[in-house]
Amino acid sequence: LLASEIPFSSVFAQNDQMAVGAIRALRDAGLRVPQDISIFGYDDIPLASYFDPPLTTIRQPMNEFGRHGAQLLIDAVQNPKHELKQVRLNAQIIKRDSCAPPRQ
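In the numbering used here, the protein residues as written are 1201 to 1304.
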């Protein structure tokens, strides 16, 4: 992306570790986060708030995923003909210092 001629103002990384790698690559290219490019991670790993800058990220409700997944599995084992149900769990944006409003 850095080698392309395509202008961009932000990066949404697939996970927080990739976001940290993106921050390093941007710095190596002489760019500043978030002044030049905003970085957004995914996972909210425990160290995300300690990165420089602290990483804006998405936190998933992992305990709820486990609880609902286990219950769905128990239901399927106890009643193989039960109707499948969809469960939607909300993720949370954790705003920290790696994102800024888009530049004009």
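Ideal Cβ placement from N, Cα and C applies to all residues, glycine included.
Note that the coordinates shown come from a computational prediction; the quantities given were computed from them, not determined experimentally.
- Nearest Cα to Ser1238 within the set Ser1204, Pro1280, Val1211: Val1211.
- Gln1260 and Asp1244 have their alpha carbons spaced roughly 8 Å apart.
- For Val1211, the beta-bridge partners assigned by DSSP are Ile1239.
- The beta carbon of Leu1226 lies closer than 7 Å to those of Val1233, Ile1237 in the same chain, with the five residues before and after it left out.
- DSSP links Gln1292 through a beta bridge to Arg1259.
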